[in-house]
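Q: Note that the working numbering has the sequence shown beginning at 375, numbered continuously upward. Beta carbons are placed, not taken as given, at the ideal position from N, Cα and C, and that holds for glycine.
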Amino acid sequence: VTTTATYAGPPQLNVLGLVAGVSTKANVNKTVSGIFTVGDSTGVYLEIGGHRILCVAEFRDNKLDMLACATGENRNDPFKTKASNIQIYNDLKAGFTKKFGPPDLVESEPVRNALGVEFANESVIWVDARGGALRLGARKGKIDEGMIALMSPEAIKQGQEKKEAEEAKKKF
């Protein structure tokens, strides 16, 4: 008797109809609630889970390669949702868990602010059958900023290869 494990996650991670590695620039442009340009980067505002969130879309061969978003209050940006990164993280984690099932990975590590106060830095990751991923981070870089990243399998592979090349350069 032989048994094979079957993948229980979603066939693809769809956020507002956008799928990394599948959706085109035109698909992204139809989904956004605002577009702006700063230098060479094109930023977009997306309404995710009731929050207006600032994102940057990166493309490979006219397909969405990565959607990277910053969450949390930013007094310099009058267009973003006025909710904390933790509130947005909790709302999106609950919504995506309902949509995709439990995350495939939950990570938590302590971080400290400049005053030495410790906070839990939690992130969750869903992986689809194609190898794409959706990552939510409660805190990223600063204690009052979080992140969302929707990544194509190609973007993940490229990131891993870059990391491995950097590690290979280290000589002891």
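Count the C-beta pairs between the region 505-514 and the region 526-541 that are closer than 8 Å, then say yes if the count reaches three, no if not.
A: These segments touch.
Q: Can you tell me where the alpha helix (DSSP H) holding D465 begins and where it ends?
A: Run containing D465: 459-474, per the alpha helix (DSSP H) assignment.
Q: For a quick check, are the C-beta atoms of I427 and A512 less than 7 Å apart?
A: No, they are not a contact pair.
Q: DSSP three-state label for P527, please.
A: Helix.
Q: Could you give the distance in angstroms between the alpha-carbon of T445 and the alpha-carbon of I422?
A: Their Cα atoms are separated by approximately 11 Å.
Q: Taking the alpha-carbon of D518 as reference, which of A457, I409, N436 has the nearest alpha-carbon?
A: Cα-wise, what sits closest to D518 is A457.
Q: Please report the residue range of the alpha helix (DSSP H) in which N495 lies.
A: It is not in any alpha helix (DSSP H) - N495 instead sits in the beta strand (DSSP E) that spans 492-501.
Q: Mind checking S522: buried by the 16 CB within 10 Å criterion, or exposed?
A: Residue identity differs from the one stated: residue 522 is Ile in this sequence, not Ser. I522 comes out buried.
Q: Kindly indicate which three-state DSSP category G505 falls into: helix, strand or coil?
A: DSSP places G505 in coil when its eight states are reduced to three.
Q: What are the partner residues of G520, as DSSP defines its beta bridges?
A: G520 is bridged to T445.
Q: Please report the Cβ distance between A494 and P484, rounded to the nearest whole angstrom; I am assuming they are in contact, meaning their Cβ atoms lie under 8 Å.
A: 6 Å between Cβ atoms; contact.
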